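In what follows, a single structure is set out as structure tokens and then discussed.
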Amino acid sequence: MKFALVEGSRQEATPASRGECPGCGARLIAKCGTKKLWHWAHSSVRNCDRWWEPETEWHRGWKNEFPAPWQEVRCIAPDGELHIADVKTEAGFVLEFQHSNISPIERASREGYYRSMVWLVDGGRLKNDLPKFQTTVRSAPVIKDTPLSLLMHDRSNPLVERWAGSRCPVFIDFGDAKPGLPFIADEHVLWRLQYFEKTNNVVATPVSRSSFIGHFRNSGGLRGYRLPQLRARPTTWSGRHGLDSYPHRKKPRRRRF
Ligand SMILES: [Zn+2]
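Here is the structure:
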């Protein structure tokens with residue numbers, strides 16, 4: 091964990107310091123080595139939050155985009171079940187930063203527990219996920235030009251399939267990897283995936299990382315992208331057309347939605 095209670099205030103780990111777990115009140119030990127991020131750990135092996143996963147630099151980087159009081163927020167259900175949300179916004183939205191694999195059962199139980207939540211997934215964990223996702227992107231039918239929205243099947247590539255059945259929005263973070271769309275400037279893009287259970291469809295929408303942060307920090311709009319206009323639209327393919335059929339000549343304008 092990033093924070094412990096030290097004499098009643100939330101503090102980050104420093105060498106040889108002791109603190110209390112903001113979740114269960116147990117004693118925490120500061121782990122301040124050279125290999126891992128400085129963090130706090132329960133002195134016993136067990137963590138009070140069974141959903142807790144070891145924190146990576148990716149986790150810490152994302153937490154740091156939000157105010158400290160929003161990070162690692164203790165949540166207790168009416169039946170007493172305790173969990174620590176990675177980030178809980180002032181408006182009550184929980185952001186879960188997910189690096190490791192998670193079973194569909196555990197995912198559903200977290201969605202049921204937090205209710206108002208979104209997943210932010212580390213897309214860089216498995217090296218084949220990005221190229222396979224980009225292949226799907228290139229052939230996916232465009233169902234909306236502004237903001238650019240692509241239609242995928244929930245089994246169209248391993249990463250999309252792993253998150254199939256999610257009831258809450260899923261955002262995939264491929265880090266600094268290029269989004270694979272020539273008309274999107276080289277900015278940090280997240281992919282928003284919305285799953286539709288009845289049809290097994292997924293709508294994938296690229297959004298800018300900075301607007302994601304602004305959306306949850308200041309209720310700003312999520313910023314998507316606009317597809318360059320075709321000179322002549324294809325007319326033979328049931329009104330839908332793959333992204334590959336676009337000439338990518340014009341720079342897109344940023345759009346809010
Ligand atoms: Zn604890």
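Note that my numbering has the sequence shown beginning at 91, numbered continuously upward.
For every residue, glycine included, the Cβ atom is placed at its ideal position computed from N, Cα and C.
All values derive from a computational prediction rather than experimental measurement.
A Cβ-Cβ separation of about 32 Å leaves aspartate 219 out of contact with leucine 172 under the 8 Å criterion. Contact fails between the stretch 184-192 and the stretch 109-127, because fewer than three Cβ pairs, one in each stretch, are under 8 Å apart. Between the stretch 190-205 and the stretch 123-139 there are fewer than three C-beta pairs closer than 8 Å, too few to call the two in contact. Distances taken from the Cβ of glycine 115 to the heavy atoms of ligand 1 include one shorter than 8 Å.
DSSP places valine 163 within a strand segment (E or B) once states are collapsed to three.
Bounds of the alpha helix (DSSP H) holding leucine 220 are 219-229.
Assigned with DSSP and collapsed to three states, serine 193 falls in coil, not helix or strand. Annotation for glutamate 277: Ser298 place their beta carbon closer than 7 Å to its own, counting only its chain and skipping 5 residues before and after. Exclusion of the five residues before and after isoleucine 233 leaves Ser239, Leu241 as the residues of its chain whose Cβ lies within less than 6 Å of its Cβ. Relative to the non-hydrogen atoms of ligand 1, the Cβ of cysteine 111 comes within a distance shorter than 8 Å of at least one. Counting only the Cα atoms, lysine 92 lies some 28 Å from lysine 217. Residue state for histidine 278 is assigned as coil, using DSSP reduced to three classes. Valine 250: member of the alpha helix (DSSP H) spanning 248-252, first to last residue. Placement of the Cβ of aspartate 176 at a distance of 8 Å or more from every heavy atom of ligand 1 is found. Across the structure, leucine 210 and alanine 106 are spaced so that their CA atoms are roughly 33 Å apart. Comparing C-alpha distances from phenylalanine 306 to each of Ser246, Val227, Gln161 shows the shortest one belongs to Gln161.
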